[in-house]
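K.L.:
Residue numbers (full-length UniProt numbering): 1 to 192. Provided herewith is a single structure, encoded as structure tokens, for subsequent inquiry.
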Amino acid sequence: MTKTATPKRITMQLVDIDPADYNPRAIDEDGLRALGTSVKEFGLVEPLVWNEKTGRLVGGHQRLKVLLEQGYEETEVVVVDLDENREKALNLQLNNPHAQGWFTDDVYDLVQTLAMTDLGELVNDLRLLDLADIYVVPELPPEIAGTTGQNEASKVKFTLTIEPTDADEIREILNEITDRLEGAVLREGSSI
């Protein structure tokens, strides 16, 4: 017997989808604009996740905002049947940056290559150029990269300056940086 992963899907009116008030994810105006551009260019390629037991949206809150802003009335959703605690656990997992991996150094070349094609404007509108600046963990200097153990030579110290704007935005940036550094250190076989 073949094992398949085919979720139940239905078409729903957007006005009937109740966003979860506990959703811990936020997006800024630029991010929402980039997401809107993506939906216009590629369609909704990642469906919303809706819990039929509670009637709440579990995943896709920002995509729902974009669909409503763009005048859509209905969309196909993936249906789950979960109690409230399992729903919240799935919501967290769908938003978990630790479960999404990280970009390798190849992202820079990929973004630059796309930027030089007829998709250059789209690359800019989707904020893909930001990926090359933010998500690439720089190579450690050779004198540090080759060391192991907990001595001074194996420690890296850096200073980060962030313009004080919004506390939540700063916290998000710092969490993102920490996640990326942890990923890089784990790839190197060290600890943070």
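The C-beta atom is built at its ideal place from N, Cα and C for all residues, glycine as well.
Please report the Cβ distance between Thr54 and Glu84, rounded to the nearest whole angstrom; I am assuming they are in contact, meaning their Cβ atoms lie under 8 Å.
P.N.:
Here residue 54 corresponds to residue number 54 of the sequence shown, with the count starting at 1. Here residue 84 corresponds to residue number 84 of the sequence shown, with the count starting at 1. Yes, Thr54 and Glu84 are in contact; Cβ-Cβ is about 6 Å, under 8 Å.
K.L.:
His98 to Glu182, Cα distance in whole Å?
P.N.:
As a working mapping, residue 98 is identified with position 98 in the sequence shown. As a working mapping, residue 182 is identified with position 182 in the sequence shown. The straight-line gap from Cα to Cα measures roughly 10 Å.
K.L.:
Does the contact criterion of 3 or more C-beta pairs under 8 Å hold for the stretch 32–47 versus the stretch 107–127?
P.N.:
The answer is yes - the stretch 107–127 touches the stretch 32–47, with three or more Cβ pairs under 8 Å.
K.L.:
Could you check whether Asp18 and Leu57 sit closer than 8 Å to each other, using their CB atoms as the reference points?
P.N.:
Locating residue 57 in the sequence shown gives position 57, where the first residue counts as 1. Locating residue 18 in the sequence shown gives position 18, where the first residue counts as 1. In this structure, Asp18 lies closer than 8 Å to Leu57 by Cβ.
K.L.:
Quick check: what's the CA-CA separation for Pro7 versus Asn95?
P.N.:
As a first step, residue 7 is located in the sequence shown; it is residue number 7 there, counting from the start. As a first step, residue 95 is located in the sequence shown; it is residue number 95 there, counting from the start. Roughly 19 Å between the two C-alpha positions.
K.L.:
Report the rounded CA-to-CA distance for Ile170 versus Thr2, giving the unit in angstroms.
P.N.:
Here residue 170 is taken as the residue at index 170 of the sequence shown, counted from 1. Here residue 2 is taken as the residue at index 2 of the sequence shown, counted from 1. Cα to Cα, Ile170 sits roughly 47 Å from Thr2.
K.L.:
Nearest-angstrom Cα distance between Asp109 and Trp102?
P.N.:
Within the sequence shown, the letter at position 109 stands for residue 109. Within the sequence shown, the letter at position 102 stands for residue 102. Each residue's Cα considered, the two are about 15 Å apart.
K.L.:
In its own chain, which residues sit with a C-beta less than 7 Å from the C-beta of Tyr72, not counting the 5 before and 5 after it?
P.N.:
Counting from one through the sequence shown, the residue named residue 72 turns up at place 72. These residues qualify, in order along the chain: Leu14.
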